[in-house]
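For the sequence shown, the UniProt record's numbering assigns the number 1 to the initial residue and increments by one for each residue that follows.
Every residue, glycine too, gets a C-beta built ideally from N, C-alpha and C.
The structure displayed is predicted, hence computed values, not measured ones.
Beneath this line is the structure, given in structure tokens, with notes to follow.
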Amino acid sequence: MQPHFLINFSGDLKSVILFGGDLQQEELVRLLQAGDQQAFRKLFDLLYQPLCFFARKITGSAEEAEDVVSTAFARLWDRHSHFVAFPAIQSFLYTTVRNQCLNILKHQEVVSNAAKILQSEPQEMDNYIETQVLQAELLQIIFAEMSKLPERQRLILEWTYRDGLPAAEIAQQLQMSPAHVRMEKSRAMSQLRHMLRERKLLGLFMALFPLIQSGKHNF
């Protein structure tokens with residue numbers, strides 16, 4: 001039986017979505033084993049944001065989340081020759097991030113829902129962790145689709161839902177009226193829904209959009 005502190009990513013659909021297939025995963029892992037810095041950078045680009053989201057959900061702090069994730073990637077690089085499969089890399093990163101977040105919560109003596117769950121029974125803890133991991137990866141897919149929008153529309157959505165900026169501040173940044181910002185945001189949302197519908201991901205988007213709107217993510 002797998003130890004409870006490891007997260008099982010076997011048969012990981014998210015990996016296929018991110019990479020497009022097992023062959024690309026295998027090549028990336030092979031290059032990472034050989035110490036290829038570009039392969040490491042690709043891994044970083046693919047997994048940094050979902051890991052930050054995951055860490056922030058536990059700690060409640062974007063700054064601490066970024067520090068934790070950066071440390072996890074540094075530890076991955078220190079051990080780069082040890083990994084033979086992509087799921088093992090994911091498991092290592094998420095487990096490392098989870099453990100560091102738990103240490104932060106213990107150090108700060110934070111009593112929160114996340115802290116209680118993370119200190120509970122192994123099965124309950126694993127269910128919580130895997131839910132947060134899945135949510136982070138799925139949100140990454142949505143934001144990847146968002147990156148395909150025209151630049152101005154993409155910026156408006158990112159500044160609104162990622163950074164929590166009000167329409168007035170966005171208008172000042174883009175040198176347009178707040179009303180124009182709201183109109184462009186509406187157009188961008190319509191286009192994003194269309195793109196996700198074509199990928200059969202609209203239901204996913206509608207389920208996760210309240211979370212995106214809340215600003216409680218780190219993309």
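First and last residue of the uninterrupted alpha helix (DSSP H) at residue i
{"i": "A64", "result": "The sequence shown places Glu at residue 64, rather than the Ala named in the question. Note, E64: alpha helix (DSSP H), A62 to D78."}
{"i": "E169", "result": "A167 to L174"}
{"i": "P178", "result": "P178 to E198"}
{"i": "V84", "result": "Neither: V84 is in no alpha helix (DSSP H) and is coded neither H nor E."}
{"i": "E27", "result": "D22 to Q33"}
Residue i - DSSP class collapsed to helix/strand/coil
{"i": "R41", "result": "helix"}
{"i": "A144", "result": "helix"}
{"i": "P150", "result": "coil"}
{"i": "G203", "result": "helix"}
Buried versus exposed, by CB contacts within 10 Å (16 or more), residue i
{"i": "H107", "result": "exposed"}
{"i": "E137", "result": "buried"}
{"i": "V181", "result": "buried"}
{"i": "K57", "result": "buried"}
{"i": "S91", "result": "buried"}
{"i": "M183", "result": "exposed"}
{"i": "T59", "result": "buried"}
{"i": "H194", "result": "exposed"}
{"i": "V133", "result": "buried"}
{"i": "R30", "result": "exposed"}
{"i": "P50", "result": "buried"}
{"i": "A168", "result": "exposed"}
{"i": "H82", "result": "exposed"}
{"i": "Q37", "result": "exposed"}
{"i": "T131", "result": "exposed"}
{"i": "A171", "result": "buried"}
{"i": "L23", "result": "Its pLDDT being 48, under 50, L23 is placed unreliably in this model, and the value from its coordinates should be taken loosely. Exposed: under 16 other Cβ atoms inside 10 Å."}
{"i": "R98", "result": "buried"}
Beta-carbon separation (whole angstroms), residue i vs residue j, contact threshold 8 angstroms
{"i": "A188", "j": "L149", "result": "6 angstroms"}
{"i": "Q153", "j": "Q100", "result": "Actually they do not touch by this definition, with Cβ atoms about 36 angstroms apart."}
{"i": "residue 226", "j": "A88", "result": "A question about residue 226 goes unanswered here, because the residues of the chain that appear run from 1 up to 219."}
{"i": "L46", "j": "A39", "result": "Actually they are not in contact, since the Cβ atoms of L46 and A39 sit about 11 angstroms apart, beyond 8 angstroms."}
{"i": "A72", "j": "T96", "result": "4 angstroms"}
{"i": "L93", "j": "L76", "result": "6 angstroms"}
{"i": "Q25", "j": "F86", "result": "4 angstroms"}
{"i": "K185", "j": "L165", "result": "Actually they do not touch by this definition, with Cβ atoms about 11 angstroms apart."}
Any non-hydrogen atom of the ligand GTP within 7 angstroms of residue i CB
{"i": "M146", "result": "This structure does not include the ligand GTP; it has no bound ligands of any sort."}
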